[in-house]
Amino acid sequence: MSAEPTRSDVRLLTQAFTPGEEVDRFTRAHPAAGGIVSFLGQVREGGGVEALELQHYEPLTLPAMEDLAAQVRGRWPLDGLLILHRSGEMAPADPIVLVAAAARHRRDAFAAADFAMDHLKSQSWFWKREKVDGTWRWIEPREEDFEDIARWDSAAAE
Amino acid sequence: MALNMVFLGKLEDVAGCGAREVELAGTLDEAIDSLGPELAKALREPRVKLAVNGILLQDRDAPVLRDGDVIAFLPPVSGG
Numbered sequence: 083m084s085a086e087p088t089r090s091d092v093r094l095l096t097q098a099f100t101p102g103e104e105v106d107r108f109t110r111a112h113p114a115a116g117g118i119v120s121f122l123g124q125v126r127e128g129g130g131v132e133a134l135e136l137q138h139y140e141p142l143t144l145p146a147m148e149d150l151a152a153q154v155r156g157r158w159p160l161d162g163l164l165i166l167h168r169s170g171e172m173a174p175a176d177p178i179v180l181v182a183a184a185a186r187h188r189r190d191a192f193a194a195a196d197f198a199m200d201h202l203k204s205q206s207w208f209w210k211r212e213k214v215d216g217t218w219r220w221i222e223p224r225e226e227d228f229e230d231i232a233r234w235d236s237a238a239a240e
Numbered sequence: 419m420a421l422n423m424v425f426l427g428k429l430e431d432v433a434g435c436g437a438r439e440v441e442l443a444g445t446l447d448e449a450i451d452s453l454g455p456e457l458a459k460a461l462r463e464p465r466v467k468l469a470v471n472g473i474l475l476q477d478r479d480a481p482v483l484r485d486g487d488v489i490a491f492l493p494p495v496s497g498g
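Protein chains in written order, with the numbering used here: chain A, 83 to 240; chain B, 419 to 498.
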């Protein structure tokens with residue numbers, strides 16, 4: 083008996099979400115999966131950051147997230163995939179991104195979630211700024227994000 | 419006859435607004451120039467990508483511009 087893989091659940095959210103509820107619902111939807119791996123990214127507290135804002139571009143951002151989900155599904159056998167990403171203004175400790183992968187075997191679930199996160203961080207259409215001491219400042223891309231994503235290219239070349 | 423220019427990320431600060439309408443120009447270069455030298459320079463940075471009507475341009479090939487086109491200028495993304 084093999085359950086049909088479900089469509090990926092990919093959402094761009096402009097309001098706060100509750101990660102626990104989302105993971106619970108996702109887990110219940112995939113009873114045949116032996117393992118669920120989830121990753122939650124939240125707004126880092128400290129450094130005087132009062133708020134974080136993510137800007138997206140409607141025609142590109144969600145379609146690219148959906149393409150990423152399809153790419154992940156093509157690479158690992160998953161029962162289900164969840165990708166949620168916030169846009170708009172957030173406060174420290176607010177959830178920004180939630181990725182969950184459900185698979186028969188845990189290694190597929192770990193790898194799929196890891197791959198999805200690396201690509202979301204460096205290749206998705208979001209522009210980020212933070213507010214420190216009442217002043218907004220745009221965040222430049224981080225070199226580490228490009229290094230994180232490059233390791234998947236070398237993995238494919240091996 | 420107009421083009422809708424959209425400025426994402428820090429380009430919004432340079433432009434002083436998130437979007438602006440300009441008169442339909444013959445070429446993209448003319449349209450960019452009509453926005454003034456400071457903004458034009460920022461929009462021409464090599465890492466700034468372009469989307470016309472929601473479709474990403476490859477290698478800045480010269481698009482044929484039509485009335486009502488939406489041209490978005492996309493600086494390097496800073497990740498989620």
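Where a beta carbon is used, it is the ideal one built from N, C-alpha and C, also for glycine.
Go ahead and label Asp161 of chain A buried or exposed: buried means 16 or more other beta carbons lie within 10 angstroms of its beta carbon, across all protein chains shown.
-> Position 79 of the first sequence, counting from 1, holds the residue named residue 161 of chain A. Asp161 of chain A comes out buried.
Under 7 Å between C-beta atoms, does Lys210 of chain A make it to chain B?
-> Translated into positions along the first sequence, residue 210 of chain A becomes position 128. Yes, Lys210 of chain A lies at the interface with chain B (some Cβ there is under 7 Å from its Cβ).
Report yes if the CB atom of Ile489 of chain B is closer than 7 Å to the CB atom of Val470 of chain B, and no otherwise.
-> By 1-based counting over the second sequence, the position of residue 489 of chain B is 71. By 1-based counting over the second sequence, the position of residue 470 of chain B is 52. Taking 7 Å as the Cβ cut-off, Ile489 of chain B and Val470 of chain B qualify as a contacting pair.
Collapsed DSSP secondary structure at Val154 of chain A in the structure displayed | For this step, residue 154 of chain A is matched to residue 72 along the first sequence. Helix at Val154 of chain A.
Rounded C-alpha distance that separates Glu456 of chain B from Lys428 of chain B = Your numbering for residue 456 of chain B matches position 38 in the second sequence. Your numbering for residue 428 of chain B matches position 10 in the second sequence. Going by the C-alpha atoms only, they are around 13 Å apart.
Are the Cβ atoms of Leu122 of chain A and Leu180 of chain A separated by less than 7 Å?
-> The count along the first sequence starts at 1 and reaches residue 122 of chain A at position 40. The count along the first sequence starts at 1 and reaches residue 180 of chain A at position 98. Closer than 7 Å, so yes.
Please name the residue or residues paired with Arg462 of chain B in a DSSP beta bridge.
-> If you number the second sequence from 1, residue 462 of chain B lands on position 44. None, per the DSSP bridge assignment.
Straight-line CA distance for Thr88 of chain A to Asp149 of chain A?
-> Here residue 88 of chain A refers to the residue found at position 6 when the first sequence is read from its first residue. Here residue 149 of chain A refers to the residue found at position 67 when the first sequence is read from its first residue. Between the alpha carbons of Thr88 of chain A and Asp149 of chain A lies a distance of about 16 Å.
Cutoff 7 Å; reference Ala111 of chain A; Cβ partners in own chain excluding five residues on either side = Here the question's residue 111 of chain A lines up with position 29 in the first sequence. The residues are Thr88 and Gly162.
Can you tell me the Cα-Cα spacing of Ala239 of chain A and Leu95 of chain A, whole angstroms?
-> Position 157 of the first sequence, counted from the first residue, corresponds to residue 239 of chain A. Position 13 of the first sequence, counted from the first residue, corresponds to residue 95 of chain A. Note on Ala239 of chain A: pLDDT 47, under 50, position unreliable in the model; no value is reported.
Going by beta carbon distance, what residues of the same chain come within less than 8 Å of Arg211 of chain A, once the five residues before and after it are set aside?
-> As a working note, residue 211 of chain A is residue 129 in the first sequence. Leu134, Glu135, Gln137, Trp218, Arg219, Trp220 and Ile221.
Option in A:Val214, A:Ala175, A:Asp106 and A:Asp227 with minimal Cα separation from Gly129 of chain A | On the first sequence, residue 129 of chain A is found 47 positions in, with the first residue counted as 1. Cα-wise, what sits closest to Gly129 of chain A is A:Val214.
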